[in-house]
Amino acid sequence: MSISRRKLLKSSLAFSCSIAASPLITPMVLASVPTNNRLVVIILRGGMDALDVLQPYGDKNLSLYRKNIKFGEAAGAHDLNGFFALNRHLGDLMPLWKNGQLAFANAVATPYRDKRSHFDGQDFLENGGFAKNGSLTSASDGWLNRMISLMPNSNIETAFSVGRQRLLLLEGQAKTSSWSPDSSLDLSDEAKRLLEKLFKKDQLFASAAKMAFDLSGKIDGTADGNMNAIRASKAEALANFAAQRLNEETRIAAFSIGGFDTHRNQSNNLPRALNELSSAILTLKKSLGANWDKTTILAMSEFGRTVAENGTNGTDHGTGGAMLMAGGAIKGAKIYGKWAGLDESDLYQRRDLMPTGDIRSYAASAIRDIFSIEKSAIESTIFPSLDMGNVAKIII
Amino acid sequence: MLIYLRAKLGKIMAISKPILNIRFGYGLSPNEPAFDNVADILADLKKADPLDNKLARPSLKERINLYERLRKARREEKQNKSNATRNLKVIRKKMQQWVAEDIKAFMVRAAISKNGFRERLVAFWADNFTVSGRNLEIMLANGAYTNEAIRANIGGKFSDLLKASATHTAMLLFLDQHVSIGPNSVAGKNRKKGLNENLAREILELHTMGVGASYTQVDVREFAKLLTGLSVGKEGFHFNPRISEPGKKTILGKTYGGAKPNLRHIFQFLDDLAMHPETANHIAKKLATHFISENPSKHLVATIKQAYLQSCGDLMTIYEAMLTHEDSAKPMGGKVKWPSEYVISAIRALGLGNELANVTAKDLRNIHSSMILMGQDLFRPAGPDGWSEKASYWINPPSLAARINWAGGLAFEYGQELDPRILISQVLDDNVSKELLYAVGDTESKWEGLALLLISPEFNRR
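These protein sequence lines map, in sequence, to chains G and X. Every position in the first sequence, counted from 1, becomes a number in our numbering once 315 is added. Every position in the second sequence, counted from 1, becomes a number in our numbering once 49 is added.
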């Protein structure tokens with residue numbers, strides 16, 4: 316059999332690397348801007364139960380709602396300020412708390428109310444819109460993308476995305492790149508030229524191919540080290556990859572972690588997702604090295620969960636939740652936001668934690684100070700109809 | 050019914066054989082027969098499928114037995130019984146093998162069936178009523194679910210599909226319904242257990258009315274109460290009155306249930322829900338979006354919806370309304386094939402459908418892993434909302450790289466002797482670009498031309 320010396324495609328049916336895809340992880344997105352400050356946004360999919368992550372064990376009402384889902388001392392949680400305790404599966408983050416590099420915004424939510432749909436809720440969180448019914452802003456783009464388009468000198472490298480799927484968070488007018496730590500494309504120049512011709516009239520294929528050609532040459536995607544990392548921990552691999560990009564041109568990274576939809580046996584199921592989150596943050600810290608001091612991580616979820624545990628030792632879809640913030644750039648060891656209380660009359664629809672703050676306002680506060688973006692642009696373009704009011708300053 | 054509808058719709062839009070088999074099937078093959086008109090495809094859909102026997106899979110009962118053996122072995126391991134660990138390993142391996150064979154059977158059927166529309170419908174409805182295998186137990190049940198709840202009902206009424214999926218072991222396990230207990234039921238009072246809203250919410254949001262519809266949180270809650278009683282035991286699904294919440298439940302303005310628990314009350318609501326106009330609208334839109342366009346025309350959706358409501362949700366009538374609508378015959382390209390569709394259509398294009406039935410477990414794992422890199426872990430979507438219908442979701446740099454890698458490898462391994470210039474006319478329609486026609490005939494070797502054909506947007510789209 317004669318095989319062309321100028322092989323069009325060097326790969327074969329059997330490929331070098333396969334990962335068992337985990338429902339816990341969906342791939343990630345990165346971006347770059349001309350500043351030394353860095354922002355990482357982690358979308359926590361499924362609706363994170365704030366009351367189990369940031370346990371208000373000092374609120375005497377909590378025990379009325381939660382008999383099987385343990386909290387506080389009984390659950391080995393780490394005290395933060397005498398009222399709130401951190402879930403023990405985030406215990407590895409305690410040194411960050413002590414160093415002022417971990418904080419929370421509590422009792423927060425997007426403006427989305429009542430339907431409690433994951434998929435609308437997530438799109439809405441990433442879109443940054445304001446309609447209570449969850450309909451997206453007219454462009455249906457992501458707030459992080461709108462932010463990038465407001466930054467001077469942004470270019471295709473500014474928005475660097477990684478993953479097999481894209482996050483709505485970085486979709487929109489501003490061009491974003493994307494790649495995944497488990498991807499490779501090893502083609503001869505001749506093959507690339509032929510494929511470019513083939514894709515020329517199809518914008519979707521042409522732009523995806525161009526980026527794949529550019530990035531596969533630049534990034535050592537399937538080096539054995541990376542594959543081993545993926546097997547060890549998926550969040551770790553994503554975070555490590557993000558850090559590598561952030562140490563180069565990239566200034567903004569986003570990815571998501573799933574597994575927060577804990578309808579059942581929450582105490583067994585939530586730890587897996589929290590371990591991934593913890594591992595992502597600590598990997599970022601380690602791999603960012605000195606750049607950690609200029610880094611802000613925002614981890615946010617589409618909604619919180621019911622205050623009362625349900626009939627199956629889990630919790631159902633709720634409203635108010637919590638946002639986690641970490642990094643060397645934040646004013647940490649603080650729990651921002653007004654605690655709404657757990658009296659039945661204090662709850663939203665006598666069911667969910669009452670949101671006392673708009674989750675967008677904390678993201679707004681962060682990007683105002685990280686990237687020096689005008690408040691007026693934030694309140695009109697990035698987060699339409701947001702009133703930042705006197706939201707706390709969370710960046711040093 | 051078909052003839053009645055045809056008379057009513059007037060002339061049937063002539064749909065070409067390539068469009069019929071690419072847009073509505075798993076593509077054309079040089080050596081596999083395919084239908085060339087809508088009437089034959091629909092008539093075939095009503096007949097028994099010979100592949101049901103040829104590619105039969107273990108029943109739910111057999112799967113439950115295997116799972117029970119696993120549980121027993123786990124117990125024995127805890128008791129430190131001799132051989133328990135080895136036993137456990139053997140059983141677990143067998144479960145994994147069954148799951149792999151389920152995926153293989155799904156793919157082989159799609160690759161060799163004369164009626165690709167049937168196979169696409171199975172994938173479509175399995176996606177509308179998603180069960181995602183987040184663990185081995187659900188994966189195992191999912192194989193039975195796809196055939197017993199979905200495939201068996203694709204030619205009946207929508208309400209049949211809805212009732213079969215909502216009461217199937219796999220769905221009950223996946224959305225936690227089997228542990229949801231009426232707080233005022235006998236068991237609820239004794240064990241201080243209660244409700245889980247998961248299945249109730251997703252039935253309304255994803256399976257029937259759609260998220261924008263007029264149901265409220267109160268409807269979700271009341272529906273969750275009504276659904277209690279759906280339980281899973283050693284025979285699979287059964288109705289357990291001891292966990293069923295007593296009393297009336299008002300959902301979407303109508304009252305269901307009564308003092309005495311009865312499965313009938315649940316079915317009454319599901320029948321009503323199936324015929325809710327918002328369900329008709331949501332399903333019509335979903336069919337049009339999946340098969341024809343990300344942004345289907347209002348007329349197409351309205352036509353399917355009307356057929357739905359007039360026929361009381363008769364799926365054959367609904368399919369005919371879609372297939373005979375003028376939009377179905379229009380040029381293709383608005384949609385990107387899901388990775389599973391892409392891989393199967395490429396295998397068919399190379400005439401390898403029957404080879405697929407004989408591939409080794411290792412090769413199958415490779416194909417499966419390739420689909421994961423393309424973004425689709427078959428039967429394991431990230432959430433209960435299933436797979437995306439957006440082209441931009443499937444074609445991005447890393448996932449396109451995975452398609453290029455896989456197609457190149459396939460062409461190299463199996464396409465050395467095939468002439469891409471002939472194949473292109475056998476597997477695509479006449480709307481192929483001049484550039485592609487030229488390109489496939491201008492490579493140094495045949496397999497390279499074949500690779501270009503498989504990688505082309507024309508082949509990736511439908």
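Note that beta-carbon positions come from the ideal geometry of N, C-alpha and C, so glycine has one too.
Pair within 7 Å by beta-carbon distance, residue i and residue j
| i | j | result |
| --- | --- | --- |
| A794 of chain G | N376 of chain G | With chain G running from 316 to 711 in the structure shown, residue 794 of chain G is simply not present. |
| S234 of chain X | S280 of chain X | no |
| M365 of chain X | L336 of chain X | no |
| A456 of chain X | A398 of chain X | no |
| D225 of chain X | R579 of chain G | yes |
| G362 of chain X | F207 of chain X | yes |
| I64 of chain X | S377 of chain X | yes |
| K66 of chain X | D93 of chain X | no |
| L275 of chain X | A527 of chain G | no |
| S495 of chain G | P447 of chain X | yes |
| G704 of chain G | A422 of chain G | no |
| N102 of chain X | G400 of chain X | no |
| P469 of chain X | L503 of chain X | no |
| I697 of chain G | W458 of chain G | yes |
| M638 of chain G | Y663 of chain G | no |
| T513 of chain X | F286 of chain X | Within the shown structure, residues of chain X are numbered from 50 to 511, placing residue 513 of chain X beyond reach of any answer. |
| K609 of chain G | N351 of chain G | yes |
| L408 of chain G | S660 of chain G | no |
Residue i, buried or exposed, once every other Cβ within 10 Å from all chains shown has been counted against 16
| i | result |
| --- | --- |
| H632 of chain G | buried |
| I203 of chain X | buried |
| A410 of chain X | exposed |
| H256 of chain X | buried |
| H348 of chain X | exposed |
| N543 of chain G | Summary for N543 of chain G: the model assigns pLDDT 43, below 50, so the residue's position carries little reliability, and this model does not support an answer. |
| N289 of chain X | buried |
| L510 of chain G | buried |
| G498 of chain X | buried |
| S691 of chain G | exposed |
| N487 of chain X | Checking the sequence shown, residue 487 of chain X turns out to be Tyr, not Asn. Exposed, by the Cβ-count rule. |
| L379 of chain G | exposed |
| G307 of chain X | exposed |
| D504 of chain G | exposed |
| N129 of chain X | exposed |
| I709 of chain G | buried |
Nearest-angstrom beta carbon gap, residue j and residue i [assumed within contact, 8 Å]
| i | j | result |
| --- | --- | --- |
| G604 of chain G | N245 of chain X | About 45 Å separates the two Cβ atoms, so there is no contact after all. |
| F428 of chain X | M188 of chain X | 7 Å |
| W443 of chain X | V481 of chain X | Going by Cβ atoms, the distance from W443 of chain X to V481 of chain X rounds to 21 Å, so no, they are not a contact pair. |
| K238 of chain X | E343 of chain X | Going by Cβ atoms, the distance from K238 of chain X to E343 of chain X rounds to 50 Å, so no, they are not a contact pair. |
| I358 of chain G | M615 of chain G | 7 Å |
| S394 of chain X | Y75 of chain X | 5 Å |
| P295 of chain X | G243 of chain X | Not a contact, Cβ separation roughly 14 Å. |
| I140 of chain X | L115 of chain X | 7 Å |
| A595 of chain G | A554 of chain G | 4 Å |
| K646 of chain G | I711 of chain G | 6 Å |
| L104 of chain X | A122 of chain X | L104 of chain X to A122 of chain X, Cβ: 29 Å. No contact. |
Within chain X, the residues that residue i reaches when beta carbons sit closer than 8 Å
| i | result |
| --- | --- |
| L500 of chain G | A450, I453, N454 |
| L510 of chain G | I453, L501, I504 |
| A527 of chain G | P446, P447, L449, A450, I453 |
Interface partners of residue i on chain X, CB under 7 Å
| i | result |
| --- | --- |
| A523 of chain G | I444, N445, P446, L449 |
| K430 of chain G | V260 |
| T495 of chain G | In the sequence under discussion, the amino acid at residue 495 of chain G is Ser, which differs from the Thr named in the question. What S495 of chain G touches in chain X: P447. |
Neighbouring residues, chain G, relative to residue i (Cβ below 7 Å)
| i | result |
| --- | --- |
| D225 of chain X | H578, R579, T627 |
Within chain G, partners of residue i - CB distance below 8 Å
| i | result |
| --- | --- |
| G302 of chain X | In chain order: nothing, as chain G lies at least about 18 Å away. |
Interface partners of residue i on chain G, CB under 9 Å
| i | result |
| --- | --- |
| Q146 of chain X | Those do not exist, as Q146 of chain X stays about 16 Å from chain G at its closest Cβ, beyond 9 Å. |
Near-chain X residues of the region 556 to 590 of chain G - C-beta to any C-beta below 8 Å = G573, D576, H578, R579
Residues of the region 109 to 131 of chain X with a CB closer than 7 Å to any CB of chain G: list them in chain order, please.
-> none
Of all the residues that make up the region 476 to 492 of chain X, which are near chain G by a beta-carbon distance shorter than 8 Å?
-> S482, E484, L485, A488, T492
Looking at chain X, which residues of the region 626 to 653 of chain G have a Cβ within less than 9 Å of any of its Cβ atoms?
-> G626, T627, N628, G629, D631, H632
When you check each C-beta in the region 350 to 379 of chain G against every C-beta of chain X, which residues fall closer than 7 Å?
-> none
Identify each residue in the region 354 to 370 of chain X for which the Cβ-Cβ distance to at least one residue of chain G is less than 8 Å, and report them in chain order.
-> none
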